Structure formats: C-alpha cells, structure tokens
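By numbering that gives the first Met the number 0, the letter at position 174 of the sequence shown is numbered 173, and the numbering carries on one by one without gaps.
Every residue, glycine too, gets a C-beta built ideally from N, C-alpha and C.
Every value quoted in this text rests on a predicted model; they were computed, and no experiment measured them.
Read through the structure below, which is laid out as structure tokens, and then see the notes.
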Amino acid sequence: MSLPPRNPTAAYVRFKQSMVLDYDKWKDGMPYDIPALSQVTEEERDLLTDEICERSSLDWRDVEALRALATPKAIKRVGKAAEKQTDGAGIEAFMDDIESQGWTDEIETRFIEKLERAASMTGALDRLYEIAEAHPTEAVRKQLLRNARISSDETVRYSMGAFLLYLAGHVDSHYVFDTDHRPHLLNLNSDDYKTYKAAVAWLEDKIAHPKKP
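Structural data, given as structure tokens:
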C-alpha cells in the first residue's frame, strides 16, 4: 500500500474521510465526496487510484470515484469490474461499456449473462432493470422470463415476474404488492407443481397481452 502524501490537501483529507462508512451512511446510500476529487493533486489522484484499484471487489461508490479520478488505471479497473462483477457495482460499471460501445450483440450477450446470474441483496436488480427497460429485446425478455420461472433465488423470481408485468404495462412500477398480482407472483415459488405451473401460465399470458397505453 502506498504511503499517504506528506502534506495532503484539504480536498484529499475530505475525500478520505468520506470513504469511512458508518451504518447510517451505508443505509442512506451516501456516496463518497466526489466533488473533492476535482481539487486533489496529481500525486493524490494516483494514490487514491492505487488504493481503490487494489480492492478485490468494488463497491458502487468505488466505481463512481474511479470514474471521477479518470486515470488510465482507474478506467481499466472499472472495465474489469464491468466484466467480472455481477453485483450492483459491476452493473454500474457495465453501464459505462454500454454508453461507450452502444447496444451491440456482444453487449447484449454479456447483459444476458449478468441477468442469468442475478441475485437479490447485491444492489444489482434495479440497475439491471434500468438497462432492460432501455433495451427490451426479445433475448432480454426471454431471459427475464426464464429467471422468473427457474431462478434459485425466490426474491429474483418474484422480482423478475413483477418487472415483466411492468414492461407489459400491467402495473405502474416493478415494485408490485397489490392483491391482483401479488398472489400469482408469490406462486412462482410454490412447492405445489400445479400451483407453480398456473402462475407461470398466468405470467406468460400477461406478457403475451400487453396493456396498451
């Protein structure tokens, strides 16, 4: 680990302090002090880049910071997170690839792989849905339905089913708790095969008959 600068700027100190997260900061989703990075020295910029890049797995805050640091090493590390991580930070980094490369066949394939590995409690689902809503291709919709049917994560089954209802215009939000839809979504995880199959058939019918605006 690199030694800190001998005479750090106030901006460097402020940013380092913002990297110390207590429970309240974590719970409230408070980011690092990104504006401070515009005032650090080149030496401090390199030191901060090294420190964050050494982490085995990036947090979404780390991705934001590396974007702002914008050193070649920082940009490369964000690219690695986009390729390897499937949590919220990885999807956040992957959004950079979409922005720079556009929606190509290769990007779609990578996105579907990330959908396939989606898990709850990783901060990834909302970001995945943001991408899927912007690019609701046939292949993307097919993977969403597959997840709703067979994901090993019960929360993902419910959530993917709810998001498909949202894409089809049957609900105003992918956070679905109303009594008309919730029982069917819960049954996507039913241990009773007939109940489960009925829930899948219900969802497929809803998708096949989108609600017109």
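Excluding the 5 residues preceding and the 5 following residue i in the sequence, name in chain order all residues of the same chain whose CB lies nearer than 7 angstroms to its CB.
i, result
"alanine 118", "Asp152 and Val155"
"arginine 44", "Leu68 and Thr70"
"alanine 80", "Leu57, Val62, Ala88, Gly89 and Ala92"
"alanine 198", "His183, Asn186, Leu187 and Ser189"
"glycine 122", "Trp59, Asp86 and Gly87"
"glutamate 115", "Gln142"
Looking at the structure shown, is residue i part of a helix, part of a strand, or coil, going by DSSP?
i, result
"glutamine 142", "helix"
"serine 216", "Absent from the structure is residue 216, since the part of the chain shown begins at 0 and ends at 212."
"aspartate 104", "helix"
"threonine 48", "helix"
"leucine 2", "coil"
"arginine 116", "coil"
"phenylalanine 110", "helix"
"valine 170", "coil"
With 16 as the cutoff for other CB atoms within 10 Å, does residue i come out buried or exposed?
i, result
"glycine 101", "exposed"
"tryptophan 25", "exposed"
"threonine 108", "exposed"
"lysine 113", "buried"
"lysine 193", "exposed"
"arginine 54", "exposed"
"valine 196", "Here residue 196 turns out to be lysine, not valine, going by the sequence shown. Classification for lysine 196: exposed."
"valine 39", "buried"
"phenylalanine 176", "exposed"
"isoleucine 130", "buried"
"alanine 73", "buried"
"isoleucine 213", "With the chain represented from 0 up to 212, any question about residue 213 goes unanswered, as that position is not in the structure."
Starting from residue i and walking both ways along the alpha helix (DSSP H), at which residues does that stretch end?
i, result
"threonine 154", "153 to 166"
"glycine 87", "87 to 100"
"alanine 197", "192 to 207"
"glutamate 82", "71 to 83"
"serine 17", "9 to 17"
"glutamate 53", "It is not in any alpha helix (DSSP H) - glutamate 53 carries neither H nor E in the DSSP assignment."
"aspartate 23", "22 to 26"
"histidine 183", "181 to 185"
"tyrosine 128", "124 to 133"
Excluding five sequence neighbours on each side, which residues of the same chain lie with their C-beta closer than 6 angstroms to the C-beta of residue i?
i, result
"valine 139", "Ala131"
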